[in-house]
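Written below as structure tokens is the structure these notes are about.
Numbering (the numbering used here), first residue to last: 287 to 511.
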């Protein structure tokens, strides 16, 4: 067995423990409402199918921010440095969006391989409705006050990180479930499904920290112009 993979897997196990030891942060009203709706529709218990729904929704704040960024470019003709700052933010948000897309594709593949039961209404139609609502909420909050939108995403990603790690801890059998994917070249190779889910959780942590870091910052730095 590849010792590099083993070392990385062990490091991710340590990060799982770190996540589960960390004190819970108090989420905002909008985030709590979203989590309550998801629990009402899909149940409180985590599952691979519920994670797939989560990833459908997870992409949309980055799409909303990218949309606002391109609109902002049309209002920066007095500041020649503004476009480069805006495109820097766009590049970050697009990378985050792409990362969430890989999560979704891999989870869809995993659900199909493990025979997860899904319904068209609950697991296809309703997630798109939730994503549409979340997109417009993220967009509106960003236009009104960017920190609100970043805080909402921080809460969402914090919730996702903890849910993934708790799910892995509650399902030790996933350590024995081999990981195989057509997307390994893009997303990487992992020792097991448990190892994969820990990495997804760590991606969510990274997105959480990136959003948290932007909360005190002016939008694209345009307020300095």
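Positions of the beta carbon are idealized from the N, C-alpha and C atoms, including for glycine.
*How close, in whole Å, do the beta carbons of residue 438 and residue 314 come, if the pair is a contact with beta carbons under 8 angstroms?*
6 angstroms
_Pick from 353, 341 and 420 that is closest to residue 320, judged by C-alpha positions_ = The shortest C-alpha separation from residue 320 is found at 420.
*Please report the Cβ distance between residue 433 and residue 501, rounded to the nearest whole angstrom; I am assuming they are in contact, meaning their Cβ atoms lie under 8 angstroms.*
Contact flag correct, Cβ pair sits at about 5 angstroms.
*asked:* Please report the straight-line C-alpha distance between residue 400 and residue 417, rounded to a whole angstrom.
replied: 25 angstroms
_Using only CA atoms, which one of 345, 409, 475 and 354 lies nearest to residue 431?_
Ranking 345, 409, 475 and 354 by CA distance to the CA of residue 431 puts 354 first.
*Going by CA-CA distance only, name the one from 348, 402 and 398 that's closest to residue 493.*
348
_Less than 8 angstroms between the beta carbons of residue 352 and residue 379, yes or no?_
The answer is yes: Cβ separation under 8 angstroms.
*Would you tell me roughly how many angstroms separate the C-alpha atoms of residue 474 and residue 364, rounded to the nearest one?*
44 angstroms
*Can you give me the Cβ contacts of residue 541 inside the same chain, cut-off strictly under 6 angstroms, excluding the 5 residues immediately before and after it?*
For the chain, the structure presents residues 287 to 511; residue 541 sits outside this window and is missing.
*asked:* Under DSSP, the alpha helix (DSSP H) around residue 501 begins and ends at which residues?
replied: Note, residue 501: premise wrong, no alpha helix (DSSP H); not H, not E.
_Using a 10 Å radius around the Cβ and a threshold of 16 neighbouring Cβ atoms, would you call residue 381 buried or exposed?_
exposed
_Using only the alpha-carbon positions, how far apart do residue 369 and residue 377 sit?_
Annotation: residue 369 to residue 377 spans about 12 angstroms, alpha carbon to alpha carbon.
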